[in-house]
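Report on one structure; see the data block that follows.
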Amino acid sequence: MANSFSKIRSTFFGGVLVVSFLVVITVGTLIAVVCRIEGFSGLTWNEWTAIRFTFFQSFVSAAISVLLAIPVSRAFFRQDFIGRNILITLLGAPFILPVIVAILGLILVFGSKGILSQLMGFSAFSIYGVHGVILAHVFFNLPLATRLLLQGWNSISSEQFRLGQSLSFSPLNFFMHLELPMLCRVVPGVFLIIFLICTTSFAVALTLGGGPKATTVELAIYQAFRFDFNLSRVAILSIIQLLMCGLIAVLSIWIAFPAHYEGGLDRVRPIATTGKILDFIFIACAAIFLILPLAMILIRGSGSLFLLPQSVMFSALRSILVSLVATGLATVMTLYLASLIVYYSKAFEIFGYLPIAASPLVLGTGLYIIFYNFIDPGKIALPSAIVINAIMCIPFSLRIITPAFKDLENSFGRLADSLNLIGWSRFRWLIWPRLKGPIGFSAGLSAALSMGDLGVIVLFSNPNHSTLPMEIYRLMTAYRMDDAFGAALLLLVLSISLFWIFDKGGRKNAIT
Amino acid sequence: MKILLSIFFALVTVSVACAKPTLTVYAPDYFTSEWGPGPKIKQEFEKICDCDLLYISGDLMPRLMIEGKRTKADVVIGLNTDVTFKARKLGIFEAHKQDTSSLSIPIKWNDKVFLPFDWSHTAFIYDNTKLKNPPQSFDELLNSKDDIKIIIQDPRTSISGLALVLWVKSIYGSKSEEAFTKLASKVLTVTKGWSESYGMFTQGEADMVLSYTTSPAYHIIAENDKSKSAAIFSEGHYFFTELAAMTNSSKEPELAKEFMSFILSETFQKMIPTGNWSFPSNLERDKLPDEFINLPMPQKVLFYTEEDAQKYRDIVIQEWLTAFQK
């Protein structure tokens, strides 16, 4: 776009700033680690197995999550019923649970003594194995995929459906002309992000995989870091992980079809009349699968929720603070990056995915190596948690905001240009009102994610500045399982509330 | 944005200025948490030292390896013998100069650098209301026809998991790989750390969990629950001790030394049983809480010196991996 430079000069510099920040934090920390290496050696057989397994389980988990999310999100799009919005919010919860809590919740349902085997009475079924890993990853990611695809369905304007109806489209016609192009555009990106999330999982993979057969690259990195303290292995493995993710990222961005929809007048979409029963079956199955483990945590934790020690409450406040600041930071950075992608080149999207491809451990170690000489790491525990959480949220926010941003520029960009609507006023009068929904959703997701994350705090922990997820681990290591479940429930409630507030705030008076 | 930045910098610049000397102690996260022994130890030590004790918590070994001789620690607490080989090679530690001839631990202790402050053994914990006939030996467990399911920790990521594989090695020697193969068929799953395992066990997911001989004491004392017991094996149990050491780069060497002797004092030692749920390293048996005195204990203690532990760990982890990947 020739005239785009004058349109958003400030966003260009902001965007470049964000990109360089992301590169410094992800690649820079890796370089900091590489600088401490004493020697290189080839990959061992165990590491090859880990690479193969990581690729396999991520691919299958992402594929299944996306395939299941298509009918579920379509059902949510087509049907309206009481409690629909609450259900959509609740379905987001598995994604934001701290790993240890999610594992216990899943086991209370699917484990060898879980309610499923008690109800069905087949004790021969075992969750542990590759299928367990995939089950868990689908549990985490199906909701995210559903929400992202739902956004895709919503991007098809109701006028197009009405046009289809007036042309007597059959359901197949609707699918081929309206829905399939949308899926072709959205699915590769959703697949990519879930693939990336699955590659960096390791506690879930190990526990539900039943042992070392389910070793992922991230576990190998953790082992090399914590047990062998072999930084060259840490570096090699994280470079491999980056390459693997990079390959998939390039592939999926390249495959994604540039479908374009004409903007509509934001009329209410027509409610589908055909296939109602099938739609509700999909919604019910997804709801049961996703909500049962949460319900088990609710039952298990509600007894001690109100007896939690004061310090847990303080750590909850601290978590909320971390989460809010991180959310603000993530949203601003995402908007800059997204405008870079929309106005300049979609190649910038790659930078947005760097944070999930980078191992959190390498990130933390790199930062530690860079900073410990200058400042006591305990003192920057919270700020570094904020920054890293914010960065970790960018890939998700980007996935949510960019497609909507593109649509809006396609539909209204030329009009805005002709009105010379540039800079802040373009944001205030065009972008903000029409992007409120996606921004609210992405902010909600960021807030919830930052509540639950603790990956980075390992090296930067400060005994007096603990966050809620840290307290859960501490309660567990002190044998206090009941309190731990109570704290987990508190975390769950807080995360969902934050998510709900932002998401709802975004939809209130929103145009889309 | 401005507000965000100011919050950020406000958080960064929170610093404490005080006149008293500060003793910096690196400790694991569980140790310094409200529910660990750390806070009380700090309180008691500050009563006698006229100083401030500052804990820095987190992963000890990676931190020490990164910092090397530039470490800011005066004292490091919470290492164990399976990792001290590497720690010692860093050359950052100073002799503790404490008398270790009459420690209340089941092995002789001659180490001049690392000082034990607590101990226990690795053991499998079971629910005695559900498992009526627990195995009496490791052999019996491996060869039992019963469908016993165990949860263990991964030796590649967890210190207790590493202790398990060394335990097996110390019993079975050259036949350890065969033992791992048998063990693999009993293992329900392997977790990253102790918390996940123990959490799953208390949810009733498995019959036994890899933990410590002192674990039942928590349930008895804190929960008045006598249903958790440690299965005592006739071959003996692997000795597990946690250690402290002072650094040679310390700017407060006198304070550090004072803290090392405080570790062996009765005040400190009495806080260990119910603070850390393990045996103190320097306390007469009759001064222990009754629940600890009455815990079933193994007759025999197995132990690898740090050199042996270092020599075997890679081999035995590989054996474990091979057996568990079959």
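Protein chains in written order, with my numbering: chain A, 1 to 512; chain B, 1001 to 1326. Where is the CB? At the ideal position from N, CA and C, for every residue including glycine. Note that this is a predicted model, so its numbers are computed, not measured.
Integer Cβ distance of residue i from residue j, believed to fall under 8 Å
i, j, result
"P355(A)", "P395(A)", "6 Å"
"A478(A)", "Y1198(B)", "That pair is no contact at about 11 Å."
"A1184(B)", "A1323(B)", "5 Å"
"I96(A)", "L449(A)", "6 Å"
Residue i CB to nearest heavy atom of the ligand GDP below 6 Å
i, result
"A1222(B)", "Of ligands this structure carries none, so the ligand GDP is not represented either."
Residue i vs residue j beta-carbon contact at 7 Å
i, j, result
"E1205(B)", "G92(A)", "no"
"L1023(B)", "E1252(B)", "yes"
"A404(A)", "L435(A)", "yes"
"V1083(B)", "M1061(B)", "yes"
"S442(A)", "S397(A)", "yes"
"P1028(B)", "G1078(B)", "yes"
"F1045(B)", "F1262(B)", "yes"
"M1246(B)", "E1094(B)", "yes"
"V217(A)", "V99(A)", "no"
"G366(A)", "A50(A)", "no"
"L150(A)", "F76(A)", "yes"
"Y1126(B)", "M1208(B)", "yes"
"N1133(B)", "S1229(B)", "no"
"T200(A)", "R318(A)", "no"
"T1081(B)", "E1306(B)", "yes"
"A357(A)", "L242(A)", "yes"
"S1120(B)", "Y1212(B)", "yes"
"A488(A)", "I297(A)", "yes"
"L87(A)", "A136(A)", "no"
"V325(A)", "V187(A)", "no"
Below-7 Å beta-carbon distance, residue i vs any chain B residue
i, result
"P212(A)", "yes"
"G111(A)", "yes"
"L206(A)", "yes"
"M296(A)", "no"
"Q223(A)", "yes"
"Y128(A)", "yes"
"T29(A)", "no"
"L513(A)", "There is simply no residue 513(A) to check, as chain A begins at 1 and stops at 512 in what is shown."
"R185(A)", "no"
"R474(A)", "yes"
"T477(A)", "yes"
Three-state secondary structure assigned by DSSP to residue i
i, result
"I388(A)", "helix"
"I375(A)", "coil"
"M1246(B)", "strand"
"F405(A)", "helix"
"L1283(B)", "coil"
"L1305(B)", "Residue identity differs from the one stated: residue 1305(B) is Thr in this sequence, not Leu. T1305(B): coil per DSSP, three-state reduction."
"N420(A)", "coil"
"I1125(B)", "strand"
"D1118(B)", "strand"
"S1229(B)", "strand"
"M1271(B)", "helix"
"V1113(B)", "coil"
"L1210(B)", "strand"
"F5(A)", "In this predicted model, F5(A) has a pLDDT of only 42, less than 50, meaning its place in the structure is not dependable; the value taken from the coordinates is given anyway. The answer is helix: DSSP assigns F5(A) an H, G or I state."
C-beta neighbour in chain A for residue i, strict 7 Å
i, result
"R1156(B)", "yes"
"P1037(B)", "no"
"C1018(B)", "With a pLDDT of 48 at C1018(B), under the threshold of 50, the predicted position of this residue should be treated as unreliable, and no value is reported."
"T1098(B)", "Looking at the sequence itself, residue 1098(B) is Gln, so the reference to Thr does not match. Not closer than 7 Å to any Cβ of chain A, the Cβ of Q1098(B) fails to qualify, so no."
"P1062(B)", "yes"
"M1260(B)", "no"
"G1161(B)", "no"
"T1202(B)", "yes"
"K1192(B)", "yes"
"G1275(B)", "no"
"A1323(B)", "no"
"G1068(B)", "no"
"Y1126(B)", "no"
"S1174(B)", "no"
Subject >> Those runs of the alpha helix (DSSP H) which lie wholly inside the stretch 161 to 198 of chain A and span at least 4 residues >> reply: 171 to 174
**OP:** Starting from the N-terminal side, write out each stretch of the beta strand (DSSP E) that is 3 residues or longer and does not extend beyond the stretch 1151 to 1197 of chain B.
**Re:** 1187 to 1191
Subject >> Secondary structure, beta strand (DSSP E): runs of 3+ residues fully inside the stretch 1032 to 1093 of chain B >> reply: 1052 to 1057, 1075 to 1080
Subject >> Inside the stretch 424 to 497 of chain A only - alpha helix (DSSP H) runs reaching at least 4 residues >> reply: 432 to 452, 468 to 477
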